[in-house]
Every structure is written in structure tokens, then in C-alpha cells.
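Everything on this sheet refers to the single structure shown next.
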Amino acid sequence: MIAKQSGNSAPGSSGSPRATGGREGLLKSLVFASIVLAGLSVVLSALALLYAAGILESQRDSPDIESRLQGYLLANPEVLIESVNRLQARRQAAENSELSTVIAQRHDEIFNDPDSPVGANPKGDAVLVEFFDYNCPYCRQATPMLDSLEQEDKGLRLVFKEYPILGAGSVFAARAALASQKQGKYLAFHKAMMAYEGRITEESSLEVAANVGLDVERLKHDMTDPAIDEMIKRNVALAQALRISGTPSFVVGKEIVRGLTDANSLKRLIGSARGS
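The sequence shown: position 260 = 260 (the UniProt record's numbering), numbered continuously.
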């Protein structure tokens, strides 16, 4: 299982302009310095293990061992980069293994939660789960792509996980969306919210609700159901367990894709999940 980072996500990616000029140079220097320090840490840790194992015991008291090591690293800086790359690969492998376990343990909660709204085909044989926020611009960009995927693949079951992380307006919108299920209008409300131009607030959520034919007063009453807040809490806890901190994020099969991605990438993952 590979946890993939792609494109853009909120709040992980704000879409703000990149630093340029001197600030960019400083940033690169800081990044390189952090790599060097990490590499030194790896090398020194390895030396410590060699000492502990007695392999370098004969050289422990050598007065020039440190200078020789420093000279070697200066002459072969690629050793540091290789050490850092290996360390990152090990950490990624450990994270992937951990996430595979989480997905297996919480499979039904992720893919078959009866309380989670679904798309056009609730009985599809392949499942794509989206964690999203109504105030996330990248989630709005993803919506037409997801609609197209559903139209092309009639066997796709799209599962929506309300994950309001961008403020009080997002929380209100998520509660309204879940409450709209009681009037059978979740999909209409969801798509209208994703097409809304502007900041999602309490007022705009109720405006959209009225526009799609929801009984707004009944909606407000249904939003007070404690089960709705509990549902959102479960989604947040699930996202945290999956190390999902931004939106949109997708889960398909054993894969997690963080950030806005393209249709072909999702098609490949859906195909792999269907064939497994």
C-alpha cells in the first residue's frame, strides 16, 4: 500500500505564491542544511552501532577518527544524501505498513459505513471514498471529475466522508448536508454546494438548501440530531487514523491519495482495487 501525495490539498496547500528570489535561496539552503544534519545523524548513529558491536573498538581511541570521518564526508557528500534517502524510504515503508493495517482493521468503517452518503450507485462493486470540505477549492475542482467517473463507470460506488476542517462555516455545512439525507436530497444539496461560488457560511448553506427544494425549517431541526455530530466526529477520527490532514483525500482499495489528482490516476487505482 502506497500513500500518495498529489496535486493540491487544503489546508496542506494554500495556493499562495511561491517564495522567490532571496527567500527561495534561503529556503533551499535551509532544506539542504536539514538534509546534511539528518545525514550526519544517520551516519553517527551507524557509527554508534558499530562501536556498540565492537566492530570499531580498535579505533575508538584514535585521535584522528573524527577528522578522518569529517574528511570522508566532505569528499563524499553523496553519502549523506544516500543515507537520508534510505532513512526516508524506511520511514515511508513503515508508514505504508501501518496504514495498510489501519485500512484492513477499519475496512467496513471506511467503505461500508451505512451512515455515509453515497453517489449514484449505492451497490457498485468498486468503491472510491472522498474526504472533503465544502470550503475546499480543490474539492470543488474534483467534483466534476468525480461526476464524470461515475458516468463512465456505472459500477463505481462513490462514498462521501464529510470532513469539515476549514472553519465554522464548513462544520455547519457538513451538518446540513448530513441532515438533508432525511429529506432524500443529499446529492442535490452536495452538488449545489460544490458548485456554489463564494465562501460557504451558515447563510449560504441555508440559501443553497432552499434552492434545491429542502424544507429549511425541517432541515434546521434535523441538524440538532446528536447522531449527526457523532457522525462527523467519527469521520474526523477516521481521517486522523489514516493520517489524512487535508482535503480532498481519497481512499480506494489499499491506496490513499492526498490532494487533488487526475481522473486517469483514480481510474488506475479503481481498476486495481476491482481486480484485487
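Every residue, glycine too, gets a C-beta built ideally from N, C-alpha and C.
From what residue to what residue does the beta strand (DSSP E) around residue i run?
i: residue 289; result: Outside the shown range of the chain, which is 1 to 276, sits residue 289, and nothing can be said about it.
i: Ile256; result: 255–258
i: Arg157; result: 156–162
i: Glu130; result: 126–132
For chain D, check one thing: does any of its Cβ atoms lie closer than 8 Å to the Cβ of residue i?
i: Asn264; result: No chain D is part of this structure, which consists of one protein chain only.
Given this structure, state the Cα-to-Cα distance separating residue i from residue j, to the nearest angstrom.
i: Glu162; j: Pro137; result: 15 Å
i: Val216; j: Asn85; result: 55 Å
i: Met231; j: Arg157; result: 20 Å
i: Gly71; j: Pro77; result: 10 Å
i: Asp115; j: Lys182; result: 11 Å
i: Leu260; j: Asn8; result: 5 Å
i: Ala210; j: Gln141; result: 24 Å
i: Ser177; j: Lys233; result: Here residue 177 turns out to be Ala, not Ser, going by the sequence shown. Roughly 15 Å separates the two Cα atoms.
i: Glu130; j: Glu95; result: 21 Å
i: Met145; j: Tyr186; result: 19 Å
i: Pro122; j: Asp147; result: 14 Å
i: Thr101; j: Gly275; result: 20 Å
i: Asp93; j: Ala120; result: Asp is not the amino acid found at residue 93; the sequence shown has Ala there. Answer to the nearest angstrom: the Cα atoms are 36 Å apart.
i: Leu266; j: Lys254; result: 13 Å
i: Ala239; j: Ile81; result: 32 Å
i: residue 277; j: Pro117; result: Because residue 277 is not part of the residues shown, which for the chain are 1 to 276, the question remains open.
i: Thr224; j: Ile103; result: 31 Å
i: Asp113; j: Arg106; result: 10 Å
i: Ala89; j: Ser83; result: 10 Å
i: Arg258; j: Val236; result: 15 Å
i: Ser97; j: Asp108; result: 19 Å
i: Glu24; j: Gly184; result: Low local confidence applies: a pLDDT of 48 at Glu24 is under 50, so the model's placement there is unreliable, with the coordinate-based value given in what follows. Taking the straight line joining both Cα atoms gives about 51 Å.
i: Glu207; j: Arg175; result: 15 Å
i: Asp64; j: Ala75; result: 16 Å
i: Ser67; j: Pro164; result: 54 Å
i: Cys139; j: Ala10; result: 9 Å
i: His221; j: Gln151; result: 34 Å
For the alpha helix (DSSP H) containing residue i, name the first residue and the last one.
i: Lys182; result: First-last for Lys182: undefined, no H or E at that position.
i: Glu203; result: 202–211
i: Tyr196; result: Unbroken run through Tyr196: none, as it is neither H nor E.
i: Asn85; result: 78–105
i: Met231; result: 226–241
i: Pro114; result: Neither: Pro114 is in no alpha helix (DSSP H) and is coded neither H nor E.
i: Ser245; result: That residue, Ser245, is in no alpha helix (DSSP H); it is neither H nor E in DSSP.
i: Ile270; result: 263–275
i: Asp222; result: 216–222
i: Cys139; result: 137–152
Would you mind giving the Cβ-Cβ distance between residue i and residue j, rounded to the nearest angstrom? I have them listed as a contact below 8 Å.
i: Ala173; j: Met193; result: 6 Å
i: Leu149; j: Ala263; result: 6 Å
Are the CB atoms of residue i and residue j nearer to each other than 8 Å?
i: Ser170; j: Tyr134; result: yes
i: Ser245; j: Ile256; result: no
i: Asp125; j: Gly155; result: yes
i: Phe111; j: Phe132; result: no
i: Leu219; j: Ala179; result: yes
i: Val252; j: Ile228; result: no
i: Leu128; j: Leu242; result: no
i: Lys191; j: Thr143; result: yes
i: Glu204; j: Gly213; result: Note on identity: in this sequence residue 204 is Ser, with Glu being the wrong assignment. Cβ distance not < 8 Å, so Ser204 and Gly213 don't count as in contact.
i: Leu73; j: Val79; result: yes
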